Amino acid sequence: PLAITPYAEEIVRSLEKVYAKKGVLCEFEIDPAARFHGDQGDLMELFGNLLENAFKWAKRRVVLTAQPIGGGRRAGLAFSVEDDGPGIPDDKVEHLLQRGVRGDERVQGHGIGLSIVQDIVKAYRGELHVDRSPTLGGARFAVTLASR
């Protein structure tokens, strides 16, 4: 089981350098008991893609939350990445999750990050939900990975 905070901090440090001119503040609300039961590379892909999108679209703020869920032999994990950017209209969510689709052609990217996230979440028998952040107003990507 991998602790969440060290990996999230590593990714955010890199993104703060890439997006230094924007001055985005990333806040963590991570339960110390939260763990990812899986491959380190998968965890880095999940957080890397979701946090990079949040930094890319945020005006000033990104929030990463994570907490353990369920019981069983090992707890599951619920986490979300939210930003204060323009958000994603409900009718565009399904389209954006397709491989090669980009939210805005003027913004750098290849359009594969969210499809990679979706593939990893499915591989762990989890769920990905995309909606509007109730607190920040931008996009919220919420992932639930069930306990076993």
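According to the numbering used here, the residues represented by the sequence shown are 64 to 211, in order.
We put the beta carbon where it would ideally sit given N, CA and C, even for glycine.
Note that the structure is predicted; figures quoted are calculated from it, not measured.
Environment of residue i [buried if 16+ CB atoms lie within 10 Å]
i      : result
Gln150 : A quick correction: the sequence has Gly, not Gln, at residue 150. Looking at its Cβ environment, which holds 16 or more other Cβ atoms inside 10 Å, Gly150 is buried.
Ala117 : buried
Trp88  : The displayed chain sequence assigns Leu, not Trp, to residue 88. Leu88 should be labelled exposed.
Val75  : buried
Glu92  : exposed
Ala213 : This structure gives no information on residue 213, because the portion of the chain shown stretches from 64 to 211.
Ala202 : buried
Arg124 : buried
Proximity below 8 Å, CB of residue i to CB of residue j
i      : j      : result
Gly111 : Leu208 : no
Ala129 : Asp94  : yes
Glu115 : Gly176 : yes
Gln206 : Phe142 : Residue identity check: residue 206 is Val in the sequence provided, not Gln. Contact flag set, yes.
Ala96  : Pro131 : yes
Neighbourhood of residue i by C-beta, 7 Å cutoff - its chain only, sequence neighbours within 5 removed
i      : result
Asp182 : none
Ala83  : none
Leu65  : Arg98, Phe99, Gln103 and Leu106
Own chain partners of residue i with C-beta closer than 8 Å, once the 5 adjacent residues on each side are dropped
i      : result
Ile179 : Glu108 and Asn112
Gly133 : Gly139, Ala209 and Ser210
Assigned secondary structure, residue i (DSSP; H/G/I helix, E/B strand, else coil)
i      : result
Gly139 : strand
Ile231 : Residue 231 cannot be examined here, being either before or after the span of the chain that is shown, 64 to 211.
Arg203 : strand
Val213 : Residue 213 cannot be examined here, being either before or after the span of the chain that is shown, 64 to 211.
Asp105 : helix
Thr68  : helix
Asp194 : strand
Arg188 : coil
Gly94  : It is worth fixing the name first, because residue 94 is Asp in this sequence and not Gly. Asp94 falls in the coil class under three-state DSSP.
Ala129 : strand
Arg124 : strand
Own chain partners of residue i with C-beta closer than 6 Å, once the 5 adjacent residues on each side are dropped
i      : result
Val126 : Glu90 and Glu145
Ile67  : Ile93, Ala97 and Ala129
Exercise. Do the stretch 117 to 126 and the stretch 183 to 194 meet, that is, are 3 or more Cβ pairs less than 8 Å apart?
Worked result: The answer is no - the stretch 183 to 194 does not touch the stretch 117 to 126, with fewer than three Cβ pairs under 8 Å.
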